[in-house]
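The listed protein sequences correspond, in order, to chains A and B.
Just so it is clear: in the first sequence, position 108 is 867 by this note's numbering, and no numbers are missing.
Just so it is clear: in the second sequence, position 443 is 452 by this note's numbering, and no numbers are missing.
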Amino acid sequence: MAAKERKIRVLIGKVGFDPHDRGILILSHGLRNAGMEVIFLGKFQTAEEVVASAIEEHADVIALSDHCGVMRLIAKDVTDLLKENKATDISVVAGGIIPEEDISLLEEMGVTGNYGMGTPMEEIVNHIVERVNDRDEKSRLKAAS
Amino acid sequence: MGNDTIDYDRNYGALIRDKTQSNISVKPVYGPEDLPGLDYKRDLGNPGEAPFTRGTYPEMYRKALWLKSFIVCYATPEETNKAFKRYIAAGQTGLRVLTDTATLSGVDPDHPLARYDIMCNGNPTFALTEYETMLDGISLENIDYESANSTPSGSFFTYIYLVSLMEKRGSDISRLRGTNINDPIHAFIVYGTPEFPPDLARKVNQDLIEFGIKNTPNYHPCTPCGYDMRDAGISSVQEMAFIMGNALQYYGDAIRERGVKFDDFKPMVFSMSSESDFFETIAKFRATRRLWAKLAKERLGATKPRNMACRIGIRTAGNSIYPQKPINNTARITMQILAAVLGGVQAIDPSGIDETFGLPSQESRIFELDLQHIIAHEANVPLTADPLGGSYYVEWLTNKLEEETARLLEEIDDQGGMWECLKSGWLQKQFDMTTTEIQNEINACKRLIVGANAFKGDDGEISKAIVDGAYKVPPDEKRFGAITRVKELRKSRDQKRVTRSLKALAQAVREDQNVVRPTMEAAKVYATLGEMVGTIRLAKGLPYDPYERIPTPEFLKGVL
């Protein structure tokens, strides 16, 4: 793992009316313990608000959480808005209750992880670090060429 | 040696813990020395006698089995109605409904935040029309109807719709039976919806208790909910202390401020969680009954034994249901239901084996009913009351849980009750502390979860079938149909009557009258949920939309 000068910044986004927040509480603790900075806006946000804050806060990653089985709708709006705002350098990961058949759809949108209950925190942390490193690697290659 | 040789370990899968799920240290064996001074009559009593440790009723399940009651929450009112009828025919005896998250949050389907999860987790009951369809052909005069909606507005409007529907049908509302959670303190912690801020939520909670005892005396207007809190990750002791603390707060307020008598209510009902720790769960139900008998008498002035007793309705622990190797969930639910029956509860609402993949399938619901029929008729578990009474370990654990809960309740009292504990942030800290502690233990494999952090393995055909079978929400076009329906309703209803009724509701709020009756009148002429919540808020000087994203509708601007 390459040493980073700056801490990885993760913005946790809860879009819509899903009230379940145990997952994001556990995630926040886990990511902070792993040395990341966590920004949480609270529940009941729109996709627009999540994306605007992620840009403003210079987040590396947006972590979306949903337990209503509609991650595909939330992720679609969030990824579309990131494209519109030319902010696709922000990676999107997701977790909660995600229907099996939606996972390939989410991955096509570039939304990865898609974790369910009981996923070891280490796995999530490693995944986020990997996505940020991948992005940094790509931008270095791009700059070099 | 060939490649197919495996290492044999006699101790593979050996115990790693010496504590219960709530981290109570346990010795390898218990005996009479662990129960010094145990007095049968004082500490246990026969079932049906104070302090009710051994059960609420003398004959327990010989006379009446627990209610088999689970949440029915399909996307449309038509589907929900059909499902209710199918389940009643298969042995469901308590109807329980949960709506979608927008409804729980106090808004209509056309609210801009609602579009994502509209119709997920249940049907959007945005107006009385939806209850008319959902409960078509089901009498409300002879059925137990329980509300799973437990946000401040969710509890309140479930009651409003039920009694309004009964009056419209010409039924006698005094015959309504069942329970309403109406526990706003727990809702602030678990749901955090802002539609009724604490002072308003406190008034609505009291209005419902006061109206309920006068007009629907067979219905429980306030049944503190430990289940939701427990599922958010607290301990047994915290669950017990918080429900009893909440009950003392709400009923104490009603006695002081509304002049009601605790003896006039039906016995207290608590909603609790049946957890994976088998003996701790059993002891928890026994300790809850014993401690409550004392509190009801000493703190709320109960004079009749009936009012010192409590009934317990449980849901099996939703957060114990895992997506890894889902067939294992059948074992978890079976153990949790068995613990509830051995603990002498009055209502059981099981999780679905498939509920981490979607809403439970109808087959999974029928399995849950059959599981209870098997416990009753094949395993003969309910034949005799409190079969574990007198077990050294169970009695010791019952004492231990009661002592620790009484201590935590003292801490709550010292702070001035549960509303104060909520406002000061103490309550939230209690949750954060325990949730983090448990999660750290899971991460460090000091607490094993089969399939998740231990005994992992691949999913096979059976697992795949469970995943595929889970109920899927309808296609988006159908879901967004609720938006069309609410818009059409607003066009087709008698708008003058709606405006008049909302004006009267606002007036009642301003004059600090009981809001139940005026809200019922508005519901009966098809004011929508969002409009009724918004009107109550406006009259309190709050913005119409709790989420501050939509403006006050034009027609309300003139009248308020």
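Virtual Cβ for every residue (Gly too), placed ideally from N, Cα, C.
Bear in mind the structure is a predicted one, so any value in this text is a computation, not a measurement.
Euclidean distance between Cα positions of residue i and residue j
| i | j | result |
| --- | --- | --- |
| Arg519/B | Pro206/B | 16 Å |
| Ser472/B | Phe366/B | 11 Å |
| Thr838/A | Ala517/B | 47 Å |
| Arg186/B | Asp477/B | 37 Å |
| Ser156/B | His229/B | 11 Å |
| Asn892/A | Ser904/A | 18 Å |
| Val403/B | Trp435/B | 31 Å |
| Tyr553/B | Arg526/B | 21 Å |
| Val269/B | Ile222/B | 8 Å |
| Thr544/B | Arg506/B | 15 Å |
| Met760/A | Ile198/B | Unreliable placement is indicated for Met760/A, whose pLDDT of 48 sits below 50; the coordinate value is still reported in the next sentence. The alpha-carbon atoms of Met760/A and Ile198/B are separated by roughly 38 Å. |
| Asp181/B | Leu171/B | 11 Å |
| Leu865/A | Arg831/A | 6 Å |
| Leu511/B | Leu144/B | 25 Å |
| Thr89/B | Ile342/B | 24 Å |
| Gln448/B | Asp27/B | 18 Å |
| Pro335/B | Trp405/B | 34 Å |
| Gly398/B | Asn408/B | 12 Å |
| Tyr331/B | Gly460/B | 8 Å |
| Ala348/B | Arg894/A | 51 Å |
| Phe776/A | Thr312/B | 44 Å |
| Pro359/B | Asp485/B | 29 Å |
| Gly567/B | Leu122/B | 26 Å |
Supposed contact pair residue j and residue i - C-beta distance, whole angstroms, cut 8 Å
| i | j | result |
| --- | --- | --- |
| Thr325/B | Val278/B | Wrong, their Cβ atoms sit about 18 Å apart, outside the cutoff. |
| Gln345/B | Ser285/B | 7 Å |
| Ala356/B | Ile323/B | 7 Å |
| Gly877/A | Ile127/B | Their Cβ separation, rounded to whole angstroms, is 28 Å, which puts Gly877/A and Ile127/B out of contact at 8 Å. |
| Asn338/B | Ile375/B | About 15 Å; that fails the 8 Å criterion. |
| Phe294/B | Gly235/B | With 8 Å as the limit, Phe294/B and Gly235/B do not qualify as a contact, their Cβ atoms being about 11 Å apart. |
Three-state secondary structure (DSSP) of residue i
| i | result |
| --- | --- |
| Met529/B | helix |
| Met281/B | strand |
| Gln424/B | coil |
| Thr325/B | strand |
| Cys319/B | strand |
| Arg768/A | strand |
| Ser156/B | strand |
| Arg105/B | strand |
| Gln804/A | strand |
| Lys334/B | coil |
| Thr188/B | strand |
| Phe220/B | helix |
| Ile33/B | coil |
| Cys234/B | strand |
| Ile383/B | helix |
| Met760/A | Confidence at Met760/A is low in this model, with a pLDDT of 48, below 50, so its placement is unreliable and the value that follows should be read with caution. Correct three-state label for Met760/A: coil. |
| Leu592/B | Outside the shown range of chain B (10 to 569) lies residue 592/B, about which nothing can therefore be said. |
| Asp485/B | helix |
Chain-ordered neighbours of residue i on chain A, where CB pairs are closer than 7 Å
| i | result |
| --- | --- |
| Asp126/B | Gly775, Phe776, Asp777, Cys827, Val829 |
| Gly242/B | Arg781 |
| Gly469/B | Neighbours of Gly469/B on chain A: none; closest Cβ ~15 Å, over 7 Å. |
Within chain B, the residues that residue i reaches when beta carbons sit closer than 8 Å
| i | result |
| --- | --- |
| Lys835/A | Per Cβ cutoff of 8 Å: no residues; Lys835/A is ~10 Å from chain B at best. |
| Leu823/A | What Leu823/A touches in chain B: nothing, since even the nearest Cβ is about 11 Å away. |
| His788/A | Thr445, Gln448 |
| Leu841/A | The contacting residues do not exist; Leu841/A stays about 17 Å from chain B at best. |
Contacts of residue i in chain A (Cβ-Cβ under 9 Å)
| i | result |
| --- | --- |
| Asn462/B | Gly877, Pro879 |
| Asn55/B | Those do not exist, as Asn55/B stays about 40 Å from chain A at its closest Cβ, beyond 9 Å. |
| Asn130/B | Asp777, His826, Cys827, Gly828 |
| Lys481/B | Gly828, Pro858, Glu860 |
| Thr202/B | Phe776, Pro778, Lys802, Phe803 |
Beta carbon proximity, residue i to chain E, threshold 7 Å
| i | result |
| --- | --- |
| Glu867/A | Given the protein chain composition of this structure (A and B), no chain E is represented. |
Partner residues on chain B for residue i, Cβ-Cβ distance less than 7 Å
| i | result |
| --- | --- |
| Thr805/A | Pro121, Leu122 |
Proximal chain A residues relative to residue i, where beta-carbon distance stays under 8 Å
| i | result |
| --- | --- |
| Gly367/B | Gly828, Ile856, Pro858 |
Amino acids of chain B, ordered along the chain, whose beta-carbon sits closer than 9 Å to that of residue i
| i | result |
| --- | --- |
| Leu784/A | Ala241, Gly242, Phe440, Asp441, Thr444, Thr445, Gln448 |
Practice prompt. Tell me, please, whether the segment 253-272 of chain B touches the segment 210-224 of chain B by the rule of three or more beta-carbon pairs shorter than 8 Å.
Written response: yes
Worksheet item: How about the segment 840-847 of chain A and the segment 789-804 of chain A: do they share at least three Cβ pairs that are nearer than 8 Å?
Response: no
Fill in: Cβ pair count under 8 Å reaching 3, the segment 91-108 of chain B against the segment 424-433 of chain B
no
Worksheet item: Taking one C-beta from the segment 811-822 of chain A and one from the segment 768-775 of chain A each time, how about it: are there three or more such pairs within less than 8 Å?
Response: yes
Worksheet item: Would the segment 405-421 of chain B and the segment 90-101 of chain B be scored as touching if the rule is three or more Cβ pairs under 8 Å?
Response: no
Discussion item. Check whether the segment 90-97 of chain B and the segment 113-126 of chain B touch, using three or more Cβ-Cβ pairs below 8 Å as the test.
Written reply: no
Discussion item. For the structure I just gave you, are there three or more beta carbon pairs, one from the segment 390-398 of chain B and one from the segment 24-42 of chain B, closer than 8 Å?
Written reply: no
Discussion item. Within 8 Å, do at least three Cβ pairs link the segment 54-70 of chain B to the segment 131-144 of chain B?
Written reply: no
Discussion item. Could you check whether the segment 188-204 of chain B touches the segment 154-169 of chain B, counting it as contact only if at least three pairs of C-beta atoms, one from each stretch, sit closer than 8 Å?
Written reply: yes
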